[in-house]
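*Asks:* For the sequence shown, the positions run 1 to 471 when full-length UniProt numbering is used. All C-beta atoms in this analysis are idealised placements derived from N, C-alpha and C, irrespective of residue type, glycine included.
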Amino acid sequence: MTRDSDQTPLPGPANGQVSFWHAQLGQPEPGPPLEGDRNADVAIIGAGYTGLWTAYYLAQARPDLRVEVLEARFPGYGASGRNGGWLANSMTGGTERCVKAHGRAATEAFQHDLDAAVDEVIAVAAAEGIEADIVKGGELLVARNLAQLSRLRALDAQLQDWPSERHRVLDADELADRIRVAGALGGIHLPQCARLNPAKLVRGLAETVRRLGVRIHEQTPVRRIEGDRLVTDHGTVRARHLLRCTEGFTALLPGHRRDWIPMNSSMIITDPLPRHVWDRIGWDGMETVEDLAHAYVYLQRTADGRIALGGRGVPYRYGSRVDADGRTAPETVAALSRILAEFFPAVRHDDGRVPVAHAWSGVLGVPRDWRPTVNYDPTTGHGHAGGYVGTGVTATNLAGRTLADLVLGQDTARTRHPWVCHTVRRWEPEPLRYAGVHGLYRAYHLADARESAGRPSTHPLATLADLISGR
Ligand SMILES: Cc1cc2nc3c(=O)[nH]c(=O)nc-3n(C[C@H](O)[C@H](O)[C@H](O)COP(=O)(O)OP(=O)(O)OC[C@H]3O[C@@H](n4cnc5c(N)ncnc54)[C@H](O)[C@@H]3O)c2cc1C
1 MTRDSDQTPL PGPANGQVSF WHAQLGQPEP GPPLEGDRNA DVAIIGAGYT
51 GLWTAYYLAQ ARPDLRVEVL EARFPGYGAS GRNGGWLANS MTGGTERCVK
101 AHGRAATEAF QHDLDAAVDE VIAVAAAEGI EADIVKGGEL LVARNLAQLS
151 RLRALDAQLQ DWPSERHRVL DADELADRIR VAGALGGIHL PQCARLNPAK
201 LVRGLAETVR RLGVRIHEQT PVRRIEGDRL VTDHGTVRAR HLLRCTEGFT
251 ALLPGHRRDW IPMNSSMIIT DPLPRHVWDR IGWDGMETVE DLAHAYVYLQ
301 RTADGRIALG GRGVPYRYGS RVDADGRTAP ETVAALSRIL AEFFPAVRHD
351 DGRVPVAHAW SGVLGVPRDW RPTVNYDPTT GHGHAGGYVG TGVTATNLAG
401 RTLADLVLGQ DTARTRHPWV CHTVRRWEPE PLRYAGVHGL YRAYHLADAR
451 ESAGRPSTHP LATLADLISG R
């Protein structure tokens, strides 16, 4: 049911190996697994940003607590070590929908804390000596055709209502002063976003929490949760508080197959580009960049002068399967390379080749209503956080602080945000799930193609797909 060819060796760029970010630093030597049965105060499943931020704030607030993290592979094996490195303040699902459901004041308070979380991550990284190539240059949304320009204008009108976003509309010339994207008609700059190296952040966080006394048991997949115990092949951990921080892998745990689907996102990264290419592109401000396509792409300029570009390849695998260490289908690598060359024709070599060094993929947790959750039940001691879709680099920090508050029984402004104890409708069973997600992405791609061909406004297929998907 899937076109993905996970196992076929490919010529060309490095493929998989979890991510370029990890491969560049040298694949981590996985640490020791759990050895036998243990007791803890708090046991966390998953050493991604959510699990590690939760552990960090718990260890800061209560150094006396025994906090143990159980990780199937190694810290940052999931999306936290594979992402596009956008530390952005976006609210998953959008502010407008949040206002409709929870009112203006609650949405403003939530947005305020998401804005602050961007600076909190930067501040903690500095305080803990985590060097993650962080540059706060803001984000640039770029319109590459008339329909995208119409959505850019609608976004401008919407953002007028949110002065705290401090957005600035750029015409084509003003945009070109920052970055020269071929055919771009204009853009919006939003200042509250930073570019970072995801694996450096997650590895630094893991080291930091270990220094604070948190134990991370690696190579220890949790098979199931039974009452107050996490059951693994190496023993069990019994704890008063059990926190599930497994995002795109959640469907693999018994009883959670239809909570969040593992949506795939794929990335490519170029070789370091020579000075003359950067002279033609510009991009000295290190802004993160995204277009306004329905199947949009997101980009960053790395500290060592590469371009990393991500987008949707195979969107979803039948039965909520996840990939094998980030292996990416050749069609996806080719499609993303084509988009990169369309954005920046100067990257192509004289022979037409796009200098792609590495391709990889990862999974995001996508809730049926596109809204994330931080949940904790004081009676069972069970909690979880996730469902950030593609915006977890910042949101995981706020979620981790919130989970820590909830575990500690503290009633704070954070524990009253709309995502706390939000329950989502479960996804449809298969084959509906597979057919639905692939159908929606076919609609988005078709709408994008029509819009690229000159349609001046959003194609109705995309509007319908948004309505059905709850995006
Ligand atoms: C390609 C890609 C690009 C992205 N780009 C961006 C971006 O630029 N900006 C942004 O904000 N967001 C982005 N995201 C999303 C963001 O990376 C995630 O929202 C965030 O990293 C989620 O962190 P997490 O800790 O909740 O999950 P993860 O990082 O996925 O961590 C979950 C961990 O749990 C472990 N685990 C799972 N099941 C078990 C089990 N049963 N037992 C033990 N351990 C288990 C996994 O091995 C993993 O290490 C991107 C995601 C991808 C895949």
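Return the CA-CA distance between GLN300 and PRO163, expressed in angstroms with no decimal places.
*Replies:* For this step, residue 300 is matched to residue 300 along the sequence shown. For this step, residue 163 is matched to residue 163 along the sequence shown. Between the alpha carbons of GLN300 and PRO163 lies a distance of about 26 Å.
*Asks:* Would GLU71 be called buried (16 or more neighbouring beta carbons within 10 Å of its own) or exposed?
*Replies:* By one-based count along the sequence shown, residue 71 stands at place 71. By the 10 Å Cβ count, GLU71 comes out buried.
*Asks:* Report all residues from its chain with a CB closer than 6 Å to the CB of GLY26; omit the five preceding and five following residues, and keep chain order.
*Replies:* Numbered from 1 along the sequence shown, position 26 holds the residue referred to as residue 26. So the list is empty, once near-sequence residues are dropped.
*Asks:* Residues in the same chain with beta-carbon distance under 7 Å from THR232, minus the five sequence neighbours each way, listed in chain order, please.
*Replies:* Taking the sequence shown and counting its residues from 1, one reaches residue 232 at position 232. Same-chain partners within the cutoff: LEU34, LEU70, THR220, PRO221, VAL222, ARG223.
*Asks:* Within the same chain, show all residues whose beta-carbon is closer than 7 Å to that of ASP448, passing over the 5 residues directly before and after it, in chain order.
*Replies:* Here residue 448 corresponds to residue number 448 of the sequence shown, with the count starting at 1. Within the same chain, ASP448 has close Cβ partners ALA293, HIS294, ALA295.
*Asks:* Please tell me whether GLU218 and PRO30 are closer than 8 Å, where the distance is taken between their beta carbons.
*Replies:* For this step, residue 218 is matched to residue 218 along the sequence shown. For this step, residue 30 is matched to residue 30 along the sequence shown. Result yes, Cβ atoms of GLU218 and PRO30 sit closer than 8 Å.
*Asks:* Does ligand 1 have a heavy atom nearer than 7 Å to the CB of ARG73?
*Replies:* Translated into positions along the sequence shown, residue 73 becomes position 73. Checking every heavy atom of ligand 1 against the Cβ of ARG73, one is found closer than 7 Å.
*Asks:* State the CB to CB distance for the pair GLY381 and TRP53, rounded to an integer number of angstroms; the pair is presumed to be in contact (CB under 8 Å).
*Replies:* For the purposes of this step, residue 381 is identified with residue 381 of the sequence shown, where counting begins at 1. For the purposes of this step, residue 53 is identified with residue 53 of the sequence shown, where counting begins at 1. Not quite, the Cβ-Cβ distance comes to about 19 Å (not below 8 Å), so this is no contact.
*Asks:* For LEU34, name the three-state secondary structure that DSSP assigns.
*Replies:* Taking the first residue of the sequence shown as position 1, residue 34 is located at position 34. Here LEU34 sits in coil by DSSP.
*Asks:* What do you reckon, is the C-beta of SER80 under 7 Å from a heavy atom of ligand 1?
*Replies:* In the sequence shown, residue 80 corresponds to position 80, counting from 1. Yes, Cβ of SER80 sits closer than 7 Å to a heavy atom of ligand 1.
*Asks:* What residues match up with GLY470 in a beta bridge as DSSP calls it?
*Replies:* Position 470 of the sequence shown holds residue 470. Partner(s): none; GLY470 has no beta bridge.
*Asks:* Considering only C-alpha positions, which residue in the set GLY51, ALA465, GLU287, ALA308 is nearest to ARG215?
*Replies:* To locate residue 215, count along the sequence shown from 1; it is residue 215. Among GLY51, ALA465, GLU287, ALA308, the Cα nearest to that of ARG215 belongs to GLY51.
*Asks:* Among THR402, ILE44, PRO28, GLU430, whose alpha-carbon lies nearest the alpha-carbon of LEU65?
*Replies:* Taking the first residue of the sequence shown as 1, we reach residue 65 at position 65. Selected option, being the one with the closest Cα: ILE44.
*Asks:* For GLU165, write down the residues that DSSP places opposite it in a beta bridge.
*Replies:* Start at 1 with the first residue of the sequence shown, and residue 165 comes out as number 165. Per DSSP, none; premise fails for GLU165.
*Asks:* Output the distance between the C-alpha atoms of ALA116 and ASP351, rounded to the nearest integer angstrom.
*Replies:* Within the sequence shown, numbered from 1, the residue matching residue 116 stands at position 116. Within the sequence shown, numbered from 1, the residue matching residue 351 stands at position 351. Roughly 46 Å separates the two Cα atoms.
*Asks:* Is ASN145 a contact residue of ligand 2, with contact defined as CB to any heavy atom under 7 Å?
*Replies:* Ligands displayed in this structure: ligand 1; ligand 2 is not among them.
*Asks:* As an exercise, report each continuous beta strand (DSSP E) stretch of at least 3 residues that is fully enclosed by the stretch 244 to 313, in chain order.
*Replies:* Entirely contained in the stretch 244 to 313, the beta strand (DSSP E) runs reaching 3 residues are, in chain order, 260 to 270, 288 to 291, 298 to 301, 307 to 311.
*Asks:* So, using beta-carbon positions, are ALA465 and TYR444 closer together than 8 Å?
*Replies:* In the sequence shown, residue 465 corresponds to position 465, counting from 1. In the sequence shown, residue 444 corresponds to position 444, counting from 1. Yes, the pair counts as a contact, with Cβ atoms nearer than the cut-off.
*Asks:* Report yes or no: do the stretch 360 to 375 and the stretch 156 to 176 share at least 3 C-beta pairs separated by less than 8 Å?
*Replies:* no
*Asks:* On a Cα-Cα basis, can you pick out the residue from ILE307, ARG258, VAL289, ILE339 that is closest to GLY313?
*Replies:* For the purposes of this step, residue 313 is taken as residue 313 along the sequence shown, with counting starting at 1. The shortest Cα separation from GLY313 among ILE307, ARG258, VAL289, ILE339 belongs to ILE339.
*Asks:* For TRP419, which residues of its own chain have a beta-carbon under 6 Å away from its beta-carbon, when the five flanking residues on both sides are left out?
*Replies:* Translated into positions along the sequence shown, residue 419 becomes position 419. PRO372, THR373, VAL374.
*Asks:* Quick one: does the C-beta of CYS245 sit closer than 7 Å to a heavy atom of ligand 1?
*Replies:* Numbered from 1 along the sequence shown, position 245 holds the residue referred to as residue 245. Indeed, a heavy atom of ligand 1 lies less than 7 Å from the Cβ.
*Asks:* Cβ atoms of ASN264 and ASP325: under 8 Å apart, would you say?
*Replies:* Counting from one through the sequence shown, the residue named residue 325 turns up at place 325. Counting from one through the sequence shown, the residue named residue 264 turns up at place 264. Result no, Cβ atoms of ASP325 and ASN264 do not sit closer than 8 Å.
*Asks:* Using DSSP with H/G/I as helix, E/B as strand and the rest coil, what is THR8?
*Replies:* The residue given as residue 8 occupies position 8 in the sequence shown. Any reading at THR8 must be qualified, since the residue scores a pLDDT of 45, below 50, and its modelled position is unreliable; no value is offered.
*Asks:* Can you give me the C-alpha to C-alpha distance between GLN111 and GLN192, rounded to a whole angstrom?
*Replies:* By 1-based counting over the sequence shown, the position of residue 111 is 111. By 1-based counting over the sequence shown, the position of residue 192 is 192. If I take the Cα positions, the gap works out to 11 Å.
*Asks:* Give the straight-line distance between the Cα atoms of GLN160 and GLU108, rounded to the nearest whole angstrom.
*Replies:* Here residue 160 corresponds to residue number 160 of the sequence shown, with the count starting at 1. Here residue 108 corresponds to residue number 108 of the sequence shown, with the count starting at 1. Between GLN160 and GLU108, the C-alpha separation is close to 14 Å.
*Asks:* Would you say THR423 touches ligand 1, meaning its beta carbon is less than 7 Å from a heavy atom?
*Replies:* Sequence index remark: in the sequence shown, residue 423 carries index 423 (1-based). Not under cutoff, so the answer is no.
*Asks:* List the DSSP bridge partners of ALA194.
*Replies:* Walking along the sequence shown from the start, residue 194 turns up at place 194. ALA194 is bridged to LEU87.
*Asks:* Give the DSSP bridge partners of ARG231, in chain order.
*Replies:* Sequence index remark: in the sequence shown, residue 231 carries index 231 (1-based). Per the sequence shown, the amino acid found at residue 231 is Val instead of Arg. According to DSSP, VAL231 bridges with ARG224, THR236.
*Asks:* Please specify which runs of the alpha helix (DSSP H), each continuous and at least 4 residues long, are wholly inside the stretch 16 to 84, giving them in chain order.
*Replies:* 20 to 25, 49 to 61
*Asks:* Looking only at its chain, what residues have a beta carbon closer than 6 Å to the beta carbon of LEU205, apart from the 5 residues adjacent to it on each side?
*Replies:* On the sequence shown, position 205 is the one that residue 205 refers to. Correct list, in chain order: LEU52.
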